[in-house]
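In the numbering used here, the protein residues as written are 4 to 215. For every residue, glycine included, the Cβ atom is placed at its ideal position computed from N, Cα and C. Model, not experiment: these values are computed from the prediction. Input: a single structure, listed below in structure tokens.
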Amino acid sequence: GGPREHPCHGTSGMYLLKPNDSERPMQAWCEHDMDGGGWTVIQRRKDGSVNFFRNWENYKKGFGNIDGEHWLGLENIYNLGRQGDYKLLVELQDWMEKKVYAAYSSFHLEPESESYRLRLGTYQGNAGDSLTSHNGKQFTTLDRDKDAFSGNCAHFHKGGWWYNACGQTNLNGVWYSGGVYRSKFQDGVFWADYGGGFYSMKSVRMLIKPIE
């Protein structure tokens, strides 16, 4: 059937979520088959079916397919995070089908006036900590450069992200098949602490959940 309208609990699937103060409900995937359930997926990569090299407006509003590759949208993620305290889980799967995780004790974004600056808590997990170096950074896209680099990191990394100069991870980069990829730039879906900058993950999910 269609999406159900209530918070993320019950069975995994598409839901309509309406955060406090948001103008309209958003479609999101709720995941219940891992770590206690109640997770909202904010990003997913799995097959290269969706182009992630997009402009600010696209990253603000969201794009892709909720039951496949997608980006939930910076404004939606910001609105979800305003409702209370959330934590973040990054799930990475390599081309040998091994899954590793990076969990962050807290997660929220600042508003668009702050270019959706990333705020993260402490790391825990077995993937290695490739996201803390992006903590406190503003979001950069090909048409809105807020990084600490003289050029535009989005141009080199082929995505939108909380780039530093430029960064240890690029989960919105180009989805390459097979793991190790050849490119002039580190533009794959990489997590530097797991595989390095020229190893592109098979699948990735970013999920958030209210802190109990």
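#1: Quick one: give me the first and last residue of the alpha helix (DSSP H) that A157 is part of.
#2: Helix, strand or coil, according to DSSP, for H137 in the structure here?
#3: Using alpha carbons as the reference points, say which of M209, G131, Q189 lies closest to G170.
#4: Could you compute how far the alpha carbon of K101 sits from the alpha carbon of G51?
#5: Report the option in V207, Q141, A168 whose CA atom is closest to the CA atom of V177.
#6: Leaving aside the five residues before and after Y202 along the sequence, list all residues of the same chain whose C-beta is less than 8 Å from its C-beta, in chain order.
#7: Please name the residue, chosen from L145, N129, S153, that lies closest to N175 on a Cα-to-Cα basis.
#8: With burial defined as no fewer than 16 other Cβ atoms inside 10 Å of the residue's Cβ, what is the status of H12: buried or exposed?
#9: Name the DSSP bridge partner or partners of L95?
#10: Taking the alpha carbon of G162 as the point to measure from, which residue in S15, Q30, N58, E26 has its own alpha carbon closest?
#11: How would you write the range of the beta strand (DSSP E) that E34 sits in, first residue to last?
#12: What is the C-beta distance between Y104 and L123, in whole angstroms, given that I count them as a contact (C-beta under 8 Å)?
#13: So, under 8 Å CB-CB, P114 and Y81 are touching, yes? Tell me the CB distance rounded to an integer number of Å.
#14: Specify whether the stretch 129-144 and the stretch 57-71 touch according to this definition: at least 3 beta carbon pairs, one from each stretch, less than 8 Å apart.
#15: Please return the same chain residues whose Cβ sits closer than 7 Å to the Cβ of I69, not counting the five positions on each side in sequence.
#16: Counting only beta-carbon atoms, is L95 nearer than 8 Å to chain C?
#17: Measuring CB to CB, does Y179 end up less than 8 Å from G131?
#18: How should K187 be labelled, buried or exposed, when 16 other C-beta atoms within 10 angstroms of its C-beta is the threshold for buried?
#19: Residue range of the alpha helix (DSSP H) that L83 falls in?
#20: Is W165 helix, strand or coil by DSSP?
By the coordinates alone:
#1: The residue given as residue 157 occupies position 154 in the sequence shown. Residues 156-160.
#2: Translated into the one-based positions of the sequence shown, residue 137 becomes position 134. Looking at H137 - three-state DSSP - the assignment turns out to be helix.
#3: Counted from its first residue, the sequence shown places residue 170 at position 167. Looking from the CA of G170, the closest CA among M209, G131, Q189 belongs to Q189.
#4: By one-based count along the sequence shown, residue 101 stands at place 98. By one-based count along the sequence shown, residue 51 stands at place 48. One C-alpha to the other measures close to 19 Å.
#5: Along the sequence shown, read from residue 1 onward, the residue named residue 177 stands at position 174. It is V207.
#6: Locating residue 202 in the sequence shown gives position 199, counting from the first residue. Here the set comprises D97, G182, V183, Y184, G191, F193.
#7: Here residue 175 refers to the residue found at position 172 of the sequence shown. Restricting attention to L145, N129, S153, the CA atom closest to the CA of N175 is found in L145.
#8: Here residue 12 refers to the residue found at position 9 of the sequence shown. So H12 counts as exposed.
#9: The residue labelled residue 95 in the question sits at position 92 within the sequence shown. DSSP, once it has assigned bridges, lists V103, V207 as partnering L95.
#10: By 1-based counting over the sequence shown, the position of residue 162 is 159. The residue with the shortest Cα to Cα distance from G162 is N58.
#11: Walking along the sequence shown from the start, residue 34 turns up at place 31. Judged by DSSP secondary structure, E34 falls within the beta strand (DSSP E) whose first and last residues are 29-34.
#12: As a first step, residue 104 is located in the sequence shown; it is residue number 101 there, counting from the start. As a first step, residue 123 is located in the sequence shown; it is residue number 120 there, counting from the start. Going by Cβ atoms, the distance from Y104 to L123 rounds to 15 Å, so no, they are not a contact pair.
#13: Numbered from 1 along the sequence shown, position 111 holds the residue referred to as residue 114. Numbered from 1 along the sequence shown, position 78 holds the residue referred to as residue 81. That pair is a contact at about 6 Å.
#14: Two segments are said to touch when three or more pairs of C-beta atoms, one from each, lie closer than 8 Å; by this definition the stretch 129-144 touches the stretch 57-71.
#15: Translated into positions along the sequence shown, residue 69 becomes position 66. Within the same chain, I69 has close Cβ partners M17, Q30, A31, W32.
#16: Included in the structure is just one protein chain, with no chain C present.
#17: Your numbering for residue 179 matches position 176 in the sequence shown. Your numbering for residue 131 matches position 128 in the sequence shown. No. Outside cutoff.
#18: Locating residue 187 in the sequence shown gives position 184, where the first residue counts as 1. Taking all protein chains shown into account, K187 has fewer than 16 neighbouring C-beta atoms within 10 Å of its C-beta and is therefore exposed.
#19: Here residue 83 refers to the residue found at position 80 of the sequence shown. Under the DSSP assignment, L83 falls in the alpha helix (DSSP H) whose first and last residues are 77-84.
#20: The residue given as residue 165 occupies position 162 in the sequence shown. If DSSP states are grouped into helix, strand and coil, W165 belongs with coil.
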